[in-house]
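Accompanying notes for the structure given below.
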Amino acid sequence: MVSLSVQKVIEADISKSAKIRELKSLGMKTADIARALDIRYQHARNVLLAESKKAFQTKGSGLSEAKQAGLEVLQSKVRLGPDGRVVIPAAFREALGIGEGDTLFARVENGEINLLTPSGVMRRVNAMAREFVPEGVSLADELIAERRREAAEE
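Residues 447 to 600 (my numbering) make up the sequence shown, in order.
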């Protein structure tokens, strides 16, 4: 089952590359994007790889396009310290609302290390779960009804 937001992107009158980037921003994996758009995995990967290269450019359209779209772009060079430690710049910590002792989730994908806040992980999990819930169905209402049936049976 494809979520409503994914279906809107698939049906949108935009280029394949724009669809690939948009589906990735919704948290879809590259292989799933390729299947959803009925394209080769390599095509989706090449678009995303080119996009990630653009994001690291300090000059050119990569950063300015993101800023024009209203996205906050922070970029910094960091060094690997003793025992593999990396200091997250203060501006990044402020933007994410994180501080010393907070928990982050780390993952490696396509040669990149991604750090996610708990709220970021929840957004991704919710997006993935939405794909399996039929449109118009409230899981909360179903759970309440199920509990009431169980209570009535007792």
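Even glycine gets a Cβ: it sits at the ideal position worked out from N, Cα and C. Remember, it's a predicted structure, so these values are computed and weren't measured experimentally.
Same chain, Cβ closer than 6 Å to residue i, five either side skipped, listed in chain order
{"i": "A552", "result": "L561"}
Residue i versus residue j - alpha carbon distance
{"i": "G506", "j": "Q521", "result": "Residue placement at G506 is flagged as unreliable, the pLDDT there being 46, under the threshold of 50; a coordinate-derived value is accordingly withheld."}
{"i": "E588", "j": "R595", "result": "11 Å"}
{"i": "T504", "j": "F538", "result": "Low confidence applies here, because T504 scores a pLDDT of 44, under 50, leaving its location unreliable and the question unanswered by this model."}
{"i": "E599", "j": "A591", "result": "12 Å"}
{"i": "V571", "j": "Q453", "result": "18 Å"}
{"i": "G527", "j": "I534", "result": "12 Å"}
{"i": "G508", "j": "E581", "result": "Because G508 carries a pLDDT of 46, less than 50, the predicted location of this residue cannot be relied on, and no value is offered for it."}
{"i": "K475", "j": "N556", "result": "11 Å"}
{"i": "G530", "j": "S565", "result": "25 Å"}
{"i": "M449", "j": "R593", "result": "As written in the sequence, residue 449 is Ser, which differs from the Met given in the question. Each residue's alpha carbon lies about 27 Å from the other."}
{"i": "A536", "j": "V567", "result": "21 Å"}
{"i": "N436", "j": "I485", "result": "No answer is possible for residue 436: the residues shown for the chain start at 447 and end at 600."}
{"i": "D459", "j": "V583", "result": "28 Å"}
{"i": "G547", "j": "R569", "result": "22 Å"}
{"i": "V579", "j": "S451", "result": "13 Å"}
{"i": "R525", "j": "A597", "result": "58 Å"}
Helix, strand or coil at residue i [DSSP, three-state]
{"i": "R553", "result": "strand"}
{"i": "E558", "result": "strand"}
{"i": "P580", "result": "coil"}
{"i": "K612", "result": "Nothing in the structure corresponds to residue 612, since the chain is present only between 447 and 600."}
{"i": "E546", "result": "coil"}
{"i": "R486", "result": "coil"}
{"i": "P564", "result": "helix"}
{"i": "P535", "result": "coil"}
C-beta atoms of residue i and residue j nearer than 8 Å
{"i": "A575", "j": "L472", "result": "no"}
{"i": "L542", "j": "T563", "result": "yes"}
{"i": "A480", "j": "A496", "result": "no"}
{"i": "L483", "j": "K462", "result": "yes"}
{"i": "L550", "j": "I559", "result": "no"}
Distance between beta carbons of residue j and residue i, contact taken as under 8 Å
{"i": "I456", "j": "K470", "result": "I456 to K470, Cβ: 13 Å. No contact."}
Cβ neighbours of residue i in the same chain (closer than 7 Å, five flanking residues each side left out)
{"i": "A477", "result": "Y487"}
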